[in-house]
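Take a look at the structure set out below.
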Amino acid sequence: MSLSKDTSNDKSGPTEAKPANNSTATTARQWELLNLLERGSWRGTHHLHEQLRLANFDVSLRTVQRDLNALSKRFPIEKNNANPQGWRWKEDAPVQSLPHMNLSQAVAFNMVEANLAQLLPPAILDELFPWFDLARRQLKDSKITHNWLDRVRIEPATQPLIAPEICRESKDSIYQAIFYERQISAHYTRRDKDTAGEYHLNPIAIVQRGVVIYLLATKVDDPDEVIRTFALHRFTEVKVEDTQAVIPANFDLTTYLDSGGMGFAHYLFRELPNHGKNTQIKLVFNGKAGTSLTESRLSEDQRVVDDEQSNTQTITATVNLTSQLVWWLRGFGKRLIAIEPEILAQAVYQDEAAQ
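Quick look at the structure:
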C-alpha cells in the first residue's frame, strides 16, 4: 500500500524537475507519522509535528495536517473534533495495519517467545516470528526498557533441569497432526527399550510437565482407546497420515489430568470417588510454617486459623489428591505436624518411611 504524495512544500514551477529523493523522504516521514499514532489515545497535530521535528523531519504543521488527511484515506486512522485536532488508530483497525507495537505489547510477545514458543504449532510460530522480532526491536530501541531482557526471568518452582533435545522434524509433524486432527506413523523408543518400535497413533493433545513435553495419544489398533503418554524427545521419525484421527468420545483434557492422567494420581487415591478430586484437606503447621499459603492459596475456599496458645497454624482447603500434592507436602518435613484425611497422611508419611 503506497503512502500519499507530498506537494505541500513544492514551490517549484511547472517545468522544474523535483528532487529525486522527494518521494522517499515523504514516505519515510509519513511512515514515522503512522508510528506515532496509537490505538485508544488521541495524538494532537501539534504534538505529532513536534515529534517529527525531533526525528529530524523539517516540515510545517500544515504539511503534517495534510499528511494525516491523506493517510486517513488509505489507513484505518481517525480524527476527533477537538481543538487542536487529535488523531489515532481506529479501535477496529486490523493488527496488520499497525506499523508499530507499544511497550506493553512488546513485553507480552517477548515473554510468549521465551516461555511458550516450544508449545506452539510451527504454523502459528511462523506467523508470530515477525511479531517476536518487532517486540525485540521495540524493547531494544526503548530508552526505558532497553535492557528489559536482562531484568525479567521466570524461575521454576522445582529443581531446574535442562530440557531433552527434541527432533525438530518429528515435533513439527506431531504438532501438525494435532492441529489438523490426523493420524501419525512413528518410530518411538520406550524408556525400557534400546531400539525404536513402530507406532500408528491417534494424536490427542500436548502436555508439558516440567521441561518434558508429552504427546497424549491412542494406538490406532487399540479397541479400548486407552490414552497413553509419549515423550516427544523419544520420537525419531514421524509421518503425518491422511487419515482422520479418532478422538475418544467425551475426551476433555482438564478432566483427564484432574483424574490422574500423566501419572499425577497417587496409587492410594485410585480407588477414591473421582480419584480424590475436590477433597477437603486439613493441614496443621508448626508455628508460621504455612504462612506462604496465605499469599498463594491452595483453593478459593481456603481458611487459615492461627493458634498462638499451641503455636500452630491450621489451613483447610478443597484440592485434588495427586502425587504432586504428596510430594509438595513432604517438602515441609517436620514443620507439617498433622494431615487430614488419613489417606493423604498415609501417602505422605508412608512414602517417607519407605525411602
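Numbering follows the UniProt record's numbering, with no gaps: position 301 of the sequence shown is 301.
Positions of the beta carbon are idealized from the N, C-alpha and C atoms, including for glycine.
Using C-beta distances below 6 Å, list every residue in its chain close to residue i, excluding the 5 sequence neighbours before and after it, in chain order.
{"i": "I178", "result": "P203"}
{"i": "E78", "result": "K90"}
{"i": "S292", "result": "none"}
{"i": "N238", "result": "Per the sequence shown, the amino acid found at residue 238 is Val instead of Asn. Within the same chain, V238 has close Cβ partners S170, S173, I174, I184, A186."}
{"i": "H266", "result": "S323, V326, A347"}
{"i": "A93", "result": "P76"}
{"i": "T189", "result": "A196, R234"}
Whose C-beta lies closer than 7 Å to the C-beta of residue i among residues of the same chain, with five residues either side of it excluded?
{"i": "residue 356", "result": "Absent from the structure is residue 356, since the part of the chain shown begins at 1 and ends at 355."}
{"i": "E276", "result": "Strictly speaking, residue 276 in this sequence is Gly, with Glu absent from that position. Closer than 7 Å at the Cβ level, and outside the excluded window around G276, lie F269, N320, L321."}
{"i": "W131", "result": "F109"}
{"i": "Q51", "result": "L36"}
What does a CB cutoff of less than 8 Å around residue i pick up in its chain, not counting 5 residues either side in sequence?
{"i": "S41", "result": "R88"}
{"i": "A55", "result": "E32"}
{"i": "D221", "result": "H200"}
Please state if the CB of residue j and the CB of residue i are separated by a distance shorter than 7 Å.
{"i": "I337", "j": "N286", "result": "yes"}
{"i": "T314", "j": "V284", "result": "yes"}
{"i": "F57", "j": "R29", "result": "yes"}
{"i": "V212", "j": "A231", "result": "yes"}
{"i": "T45", "j": "V64", "result": "yes"}
{"i": "R43", "j": "L37", "result": "yes"}
{"i": "T279", "j": "S299", "result": "no"}
{"i": "L253", "j": "A205", "result": "yes"}
{"i": "A289", "j": "R335", "result": "yes"}
{"i": "L344", "j": "I247", "result": "no"}
{"i": "H49", "j": "L61", "result": "yes"}
{"i": "N115", "j": "I154", "result": "yes"}
Specify the secondary structure class of residue i as computed by DSSP and reduced to three states.
{"i": "T15", "result": "Caution applies to T15, whose pLDDT of 37 falls short of 50 and renders its modelled position unreliable; the value that the coordinates give is listed next. T15: coil per DSSP, three-state reduction."}
{"i": "I124", "result": "helix"}
{"i": "V326", "result": "helix"}
{"i": "E342", "result": "helix"}
{"i": "D242", "result": "strand"}
{"i": "F251", "result": "coil"}
{"i": "T24", "result": "helix"}
{"i": "F57", "result": "coil"}
{"i": "A106", "result": "helix"}
{"i": "A70", "result": "helix"}
{"i": "residue 356", "result": "The requested residue 356 is not part of the displayed model; the chain covers only 1 to 355."}
{"i": "I174", "result": "helix"}
{"i": "L283", "result": "strand"}
{"i": "R39", "result": "strand"}
{"i": "T229", "result": "strand"}
{"i": "F132", "result": "helix"}
{"i": "T158", "result": "coil"}
{"i": "F75", "result": "coil"}
{"i": "E32", "result": "helix"}
{"i": "T236", "result": "strand"}
{"i": "M262", "result": "helix"}
{"i": "T195", "result": "coil"}
{"i": "N274", "result": "helix"}
{"i": "L257", "result": "helix"}
{"i": "E50", "result": "helix"}
{"i": "S292", "result": "helix"}
{"i": "R297", "result": "coil"}
{"i": "A93", "result": "coil"}
So residue i and residue j are in contact, right, with Cβ under 8 Å, and what is the actual spacing, rounded?
{"i": "Y199", "j": "K171", "result": "The Cβ separation is near 16 Å, so there is no contact."}
{"i": "L128", "j": "A106", "result": "About 13 Å separates the two Cβ atoms, so there is no contact after all."}
{"i": "H233", "j": "P121", "result": "Not confirmed; about 18 Å, so no contact."}
{"i": "T236", "j": "Y214", "result": "About 16 Å; that fails the 8 Å criterion."}
{"i": "N110", "j": "A135", "result": "5 Å"}
{"i": "T294", "j": "V305", "result": "That pair is no contact at about 11 Å."}
{"i": "T158", "j": "G210", "result": "7 Å"}
From the DSSP secondary-structure annotation, give me the bridge partner or partners of residue i.
{"i": "D306", "result": "Q313"}
{"i": "Q208", "result": "I213"}
{"i": "K219", "result": "L201"}
{"i": "E169", "result": "DSSP lists no partner for E169."}
{"i": "E113", "result": "Partner(s): none; E113 has no beta bridge."}
{"i": "G86", "result": "G44"}
{"i": "L336", "result": "F285"}
{"i": "V64", "result": "Note: V64 sits in no beta bridge, so no partner."}
{"i": "T318", "result": "Q280"}
Would you check whether the ligand HEM has a heavy atom nearer than 6 Å to the C-beta of residue i?
{"i": "R182", "result": "By its list of ligands, the structure shown contains no ligand whatsoever, and the ligand HEM lies outside what it can speak to."}
Is there a C-beta anywhere in chain C that falls below 7 Å from the one on residue i?
{"i": "T27", "result": "Absent from the structure: chain C. Only one protein chain is present."}
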